[in-house]
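J.:
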Amino acid sequence: MDKRFTLGLWLVLGGAALLLSLLIQDFYLRSILNLMAISALLATSLRFVMLMGELNFALAAFTGLGAYSAGYLSTVLGLPFGFAILLAGLITAAVSALFGAITLRAKGPYFLLIGFAFSEAMRVAYSKIDAVGGTSGMVGIYPPRAFDDWLPFVVVGTVLLLLIAFYLVEKSDFGRILFAIRENEDVARSVGIRTYLYKVIAISGACFAAGLAGGLHAFVNQVISPGDFGYLLAAFALAYVKIGGEDFFLGPIVGAVLLVALSSYALGLGGDEHFLYGGAIIIAVLLMPKGVLGMLGKLRLKAAVSNDKVSADVH
Amino acid sequence: MQTFIQLSATALQIGAVYVLFSLGLTLIFGVMRIVNFVHGHIFSVAALVVAYLLPALAAGGLSAPAAYVLASFVGIAVALSLGALLYIFGFRHFQRDLVGSFILSIGLVLLLDGVLLHVFGGAVRGVPEIFPGRVSIGGAQVTIQRLFLCAVAVLMAVSLYLALGHSRLGKALRAVSYDHEAAMMVGIPYSRIAFLGFMIASLLAAIAGVLLAPVTIVSPVIGTDYLIKGFIAVIIGGLGSVPGAILGSIFVASIETFGSYYLDSSYATLAIFGLVIIVLLFWPKGVFGRG
Amino acid sequence: MYTDTQPLLRVEGISRRFGGLMAVKNLNLELRPGEIFGLIGPNGAGKSTTFNLISGFMSPTAGKVIFAGEKLPGGKVGEASKAGLVRTFQHGSYVRSMSVGDNIRLGTLARVAPARRADKVRETAAVLGLTEILDELAGNLPHGLQRLVSIAIAIAAAPKLLCLDEPLTGLNETEVATVLRVLDGYRQSMGRAILLVEHNMKAVMKICDRIHVLHHGEFLAAGTPLEIQSNKAVIEAYLGSAHAT
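The following block contains the structure:
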């Protein structure tokens, strides 16, 4: 990919998103935009860990940890918005590093299922801790008054910064190592790379973003409860990645935007959004294994080939 | 002492259901290397059919046991059909693709949740007891219904273990589970074996469903809860291992029963998770998982 | 304190048992800096197991491995590779969906300073004749080039001891000559040494300074290529095919 093209794409898409966040006044649309941004971040975080070949289903647990931390830091300890969210991210990064150090020795389906079990266990834990509201959850997580008009901008802006970070890391040597770990970990180990350490760092970084996303979620919704962070959260994130196209950095973002838009449309119809999500996922998985972006890529290739054919005929 | 026996009996009953679930999950993983999240719905469908058909048949004049047997057959048939559909149109294309099959199963879970809700309604149903009465074993009270459930679960587990060890199909299943390429090279029809493995697993889930319907409150979402515990049992025991599935199920059921009694059901859940972490620390592929 | 006069690698009484089978039994060998050491033996002799034991991919049931004066903890790949013991694998010792350039760069990421990495990639590619195809995906290359890429990755890690597991399998005459030339040049660099497991006898006899022969997991013979070629026991072990390529 052309470096200038990529930079241009970032500027255009990022700029458009930021612009929308400033211009849209309708309350409902603003909340959709927030949801799209946060979902895109979660999906990208999940895809980042998929680069090294693992499905991080503990994503839900750590998003919840971030949300509850931010909520607690803000409502109980009175920390300002920015600090609460940042600290929430750091707490999540630390806990997820510990989690990863212990669980990453389990691979593939085992790591997937233990992440799943962990998310369910955390959900139960939140409902037992009265200090964070127990089963009823936490309320009154208000962003500062000054942000009232600017909240989508702050959300989109924060998400954009983190997406840029994910992109830069993926394209760096760190990203190459993750890729090698997925495909042929033995070769990486044989040249001296401490692959386990890299895996733990990768999970920690990905969950830092998830924790931050959780914090944003807490302030955007102002109310959180244990049920928000069950395994479905990670399942949806995975759907976004797969439907957008897991081979592309933009994939999870495209998937998140499409599916959030789809589900809001479904809600508008009074339908059951789970049903529609499920249907969309099934269709995408069966018919578009490379996701929307993969399909577009193939169509472009077909068009290019037939163009060549035409020009060959002309000559 | 009596409490201990009573709790053990309860643990065994719950464990029986988990065994039926985890056997199916481990079988599917062993043969196809996939994690099938929609397995719980096979169970739900069977249970729901029984929950709805049984009262209707009984009202129509059949005796309770006869109605139960008939309803069970129908329930199992419907559940198996669902399983076959899921395999033929879905999972068959995702063999050995962990991520793809998993996402497909998530999509199916969401879709089927909606479908089941529409078809059966959200209301919960109780099913009348088929085998009334209780029995005293060592001072503990056990309902005959639950005893029947335990007996069938044990029978299924033992049959499966023996069949895997000694029948031709069993050997084929094990060969495919161990090394599917080698198995294909010696002429084992992989696709057919995978299909049979999937259907056996579905049968186990369906049987669990019809057995459980009379002793529990049936709603469209009961499958998922058992599924989660079933998966935990399978992680502990090792994906692809039948003894592992049984061991894991007993562990989970025991902690759940004793934990809920002495502490609280939520702490029991946390304890189960703690156990999983400890097991994986020493056996990253489960206690009997293969390297 | 390790100095150049000491052996670079010392294997003392290494054994490895798999259940009832003794794959490797009480093996001793010494490798000096600047030499090319060949490990040969008929199929099933335990060469791959020995290789895995030395490089930390397997832990010995007895014995020890001493590399550059430090005892290596058994079964710890990280320790061995960080210390400069780099190995290749018999099959697919590269990353299929990364480019040749990225593959070679992977080799540099643990042991070469960041500023030097791009140069190291270029140098290594040049030495192995891969400069033209740096942007090609490794998975799309013909087998022979893929082997060269595997070797390039290992060399790019600037190892003190380069361990190659049957590197010449499937290479044509020109490619074999290239590899042998590279290995010869590598041995000239200060303190470097090469451990080679190979079936291509012609190449082994040509390039190795010393050869160790294994049979049924045990030591059979050791010596210079000339000595080994005329060793009766070795010839018998190979059923008269000691000169086969």
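Protein chains in written order, with the numbering used here: chain P, 14 to 328; chain V, 78 to 368; chain D, -6 to 238.
Don't be surprised by glycine CBs; every beta carbon is placed ideally from N, CA and C.
#1: Who are the near neighbours of P/Leu229 in its chain, counting only those whose CB is closer than 6 angstroms to its CB and skipping five residues on each side?
#2: At 4 residues or longer, what runs of the alpha helix (DSSP H) sit wholly inside the region 115 to 166 of chain P?
#3: Within this structure, are the beta carbons of V/Tyr180 and P/Ile294 separated by less than 8 angstroms?
#4: Within 8 angstroms (strictly less), CB to CB, does D/Lys40 reach chain P?
#5: Measure the alpha-carbon distance for P/Asp15 versus D/Ala230 and round it to whole angstroms.
#6: With burial defined as no fewer than 16 other Cβ atoms inside 10 Å of the residue's Cβ, what is the status of V/Thr80: buried or exposed?
#7: Go ahead and label P/Ala83 buried or exposed: buried means 16 or more other beta carbons lie within 10 angstroms of its beta carbon, across all protein chains shown.
#8: Taking only beta-carbon atoms, is P/Pro157 less than 8 angstroms away from chain V?
#9: DSSP beta-bridge partners for D/Lys57?
#10: Out of V/Phe120, V/Leu163 and V/Val151, point me to the one whose CA is closest to V/Leu131's CA.
#11: From which residue to which residue does the alpha helix (DSSP H) around V/Ala161 run?
#12: Does the beta carbon of D/Arg3 sit closer than 8 angstroms to a beta carbon anywhere in chain P?
#13: With a Cβ-Cβ cutoff of 8 angstroms, do D/Val142 and D/Tyr87 count as a contact?
#14: Short of 7 angstroms in beta carbon distance, which residues of its chain neighbour D/Leu121, apart from the five on each side in sequence? Order them along the chain.
#15: How many Å lie between D/Gly132 and P/Ser132 at the Cα?
#16: Can P/Met49 and P/Ala250 be called in contact, C-beta distance under 8 angstroms?
#17: Can P/Leu246 be considered in contact with the ligand PLP, in the sense that its beta carbon sits closer than 7 angstroms to one or more heavy atoms?
#18: Using the C-alpha atoms, what's the distance from V/Ala228 back to V/Leu147?
#19: Give the DSSP-derived three-state secondary structure of D/Leu157 in the structure shown.
#20: Measure the alpha-carbon distance for V/Val288 versus V/Ala124 and round it to whole angstroms.
#21: When the Cα of P/Tyr253 is compared with those of P/Leu32, P/Arg60 and P/Ala30, which residue comes out closest?
#22: Should D/Gly37 be labelled buried (16 or more other beta-carbon atoms within 10 Å of its own) or exposed?
#23: Checking contacts by CB at 8 angstroms: is P/Asn197 closer than that to chain D?
#24: Could you have a look at D/Phe11 and say whether DSSP puts it in helix, strand or coil?
#25: Any idea what DSSP makes of D/Lys64, helix, strand or coil?
#26: For P/Ala279 and P/Tyr180, what's the separation of their Cα atoms in angstroms?
#27: With a Cβ-Cβ cutoff of 8 angstroms, do V/Ser343 and P/Val137 count as a contact?
#28: In or out: D/Asn244 buried (at least 16 other Cβ within 10 Å) or exposed?
#29: Quick check: is the beta carbon of P/Gly205 nearer than 8 angstroms to any beta carbon in chain D?
#30: Return helix, strand or coil for D/Ala224, following the three-state DSSP convention.
#31: Output needed in chain order: residues of the region 173 to 199 of chain P with a Cβ under 7 angstroms from some Cβ in chain D.
#32: Hey, P/Pro122 and V/Gly177: beta-carbon distance below 8 angstroms or not?
#33: Using a Cβ-Cβ distance under 8 angstroms, would D/Leu141 count as near chain P?
#34: Is there a C-beta anywhere in chain P that falls below 8 angstroms from the one on V/Ser99?
#35: Could you give the distance in angstroms between the alpha-carbon of P/Ser319 and the alpha-carbon of D/Leu130?
#36: Measure the Cβ-Cβ separation of P/Ala80 and P/Ala231 and say whether it is below 8 angstroms.
T.: With the given structure in hand:
#1: Stepping through the first sequence from its first residue, residue 229 of chain P is reached at position 216. Around P/Leu229: Ile51 and Val168.
#2: 121 to 141
#3: On the second sequence, position 103 is the one that residue 180 of chain V refers to. On the first sequence, position 281 is the one that residue 294 of chain P refers to. Checking the sequence, you will find Ile at residue 180 of chain V rather than Tyr. It is a contact, given that the beta carbons lie within the stated cut-off.
#4: The residue labelled residue 40 of chain D in the question sits at position 47 within the third sequence. No, because no Cβ of chain P sits closer than 8 angstroms to the Cβ of D/Lys40.
#5: Against the first sequence, residue 15 of chain P aligns to sequence position 2. Against the third sequence, residue 230 of chain D aligns to sequence position 237. Cα-Cα distance, rounded: 58 angstroms.
#6: The sequence position of residue 80 of chain V within the second sequence is 3, counting from 1. Exposed, since its Cβ has fewer than 16 Cβ neighbours within 10 Å.
#7: As a working mapping, residue 83 of chain P is identified with position 70 in the first sequence. That one is buried.
#8: Counting from 1 along the first sequence, the entry for residue 157 of chain P is found at position 144. Closer than 8 angstroms: no.
#9: Here residue 57 of chain D refers to the residue found at position 64 when the third sequence is read from its first residue. D/Lys57 pairs with D/Glu5.
#10: Start at 1 with the first residue of the second sequence, and residue 131 of chain V comes out as number 54. Ranking V/Phe120, V/Leu163 and V/Val151 by Cα distance to V/Leu131 puts V/Val151 first.
#11: Your numbering for residue 161 of chain V matches position 84 in the second sequence. Ala141 to Phe166 is the span of the alpha helix (DSSP H), which, as asked, contains V/Ala161.
#12: The count along the third sequence starts at 1 and reaches residue 3 of chain D at position 10. Judged by the 8 angstroms Cβ criterion, D/Arg3 is not in contact with chain P.
#13: Stepping through the third sequence from its first residue, residue 142 of chain D is reached at position 149. Stepping through the third sequence from its first residue, residue 87 of chain D is reached at position 94. Going by C-beta atoms, D/Val142 is nearer than 8 angstroms to D/Tyr87.
#14: Translated into positions along the third sequence, residue 121 of chain D becomes position 128. Result list for D/Leu121: Leu141, Ile144, Ala145, Thr171 and Val175, in chain order.
#15: Walking along the third sequence from the start, residue 132 of chain D turns up at place 139. Walking along the first sequence from the start, residue 132 of chain P turns up at place 119. Going by the C-alpha atoms only, they are around 38 angstroms apart.
#16: By 1-based counting over the first sequence, the position of residue 49 of chain P is 36. By 1-based counting over the first sequence, the position of residue 250 of chain P is 237. Their beta carbons are not under 8 angstroms apart, which means P/Met49 does not touch P/Ala250 by this criterion.
#17: Because no ligand of any kind appears in the structure shown, any question about the ligand PLP cannot be addressed here.
#18: Taking the second sequence and counting its residues from 1, one reaches residue 147 of chain V at position 70. Taking the second sequence and counting its residues from 1, one reaches residue 228 of chain V at position 151. Cα to Cα, V/Leu147 sits roughly 20 angstroms from V/Ala228.
#19: Working through the third sequence from its first residue, we reach residue 157 of chain D at position 164. Looking at D/Leu157 - three-state DSSP - the assignment turns out to be strand.
#20: Working through the second sequence from its first residue, we reach residue 288 of chain V at position 211. Working through the second sequence from its first residue, we reach residue 124 of chain V at position 47. A small correction: the amino acid at residue 288 of chain V is Leu; Val does not occupy that position in the sequence shown. If I take the Cα positions, the gap works out to 8 angstroms.
#21: Within the first sequence, the letter at position 240 stands for residue 253 of chain P. Ranking the options by Cα distance to P/Tyr253, first place goes to P/Arg60.
#22: Working through the third sequence from its first residue, we reach residue 37 of chain D at position 44. Classification for D/Gly37: exposed.
#23: By 1-based counting over the first sequence, the position of residue 197 of chain P is 184. Interface residue, yes.
#24: Locating residue 11 of chain D in the third sequence gives position 18, where the first residue counts as 1. Residue state, collapsed to three classes: strand.
#25: As a working note, residue 64 of chain D is residue 71 in the third sequence. If DSSP states are grouped into helix, strand and coil, D/Lys64 belongs with the strands.
#26: For the purposes of this step, residue 279 of chain P is identified with residue 266 of the first sequence, where counting begins at 1. For the purposes of this step, residue 180 of chain P is identified with residue 167 of the first sequence, where counting begins at 1. Distance between the alpha carbons of P/Ala279 and P/Tyr180 is about 32 angstroms.
#27: Here residue 343 of chain V corresponds to residue number 266 of the second sequence, with the count starting at 1. Here residue 137 of chain P corresponds to residue number 124 of the first sequence, with the count starting at 1. Taking 8 angstroms as the Cβ cut-off, V/Ser343 and P/Val137 qualify as a contacting pair.
#28: Nothing about residue 244 of chain D can be reported from this structure: the residues present for chain D run from -6 to 238 only.
#29: Within the first sequence, residue 205 of chain P is the residue found at index 192, counting from 1. True, the Cβ-Cβ gap to chain D drops below 8 angstroms.
#30: On the third sequence, residue 224 of chain D is found 231 positions in, with the first residue counted as 1. Rather than Ala, the amino acid found at residue 224 of chain D in this sequence is Asn. Of the three classes helix, strand and coil, the one that applies to D/Asn224 here is coil, per DSSP.
#31: Asp186, Arg189, Ile190, Phe192, Ala193, Glu196, Asn197 and Asp199
#32: Residue mapping note: residue 122 of chain P aligns to position 109 of the first sequence, counting from 1. Residue mapping note: residue 177 of chain V aligns to position 100 of the second sequence, counting from 1. Not in contact: P/Pro122 and V/Gly177 (Cβ atoms no closer than 8 angstroms).
#33: Walking along the third sequence from the start, residue 141 of chain D turns up at place 148. Chain P, which has no Cβ nearer than 8 angstroms to the Cβ of D/Leu141, makes this no.
#34: Indexing the second sequence from 1 puts residue 99 of chain V at position 22. Cβ-Cβ to chain P under 8 angstroms: no for V/Ser99.
#35: The sequence position of residue 319 of chain P within the first sequence is 306, counting from 1. The sequence position of residue 130 of chain D within the third sequence is 137, counting from 1. About 25 angstroms.
#36: Translated into the one-based positions of the first sequence, residue 80 of chain P becomes position 67. Translated into the one-based positions of the first sequence, residue 231 of chain P becomes position 218. Against a cut-off of 8 angstroms, the Cβ pair of P/Ala231 and P/Ala80 comes out as a contact.
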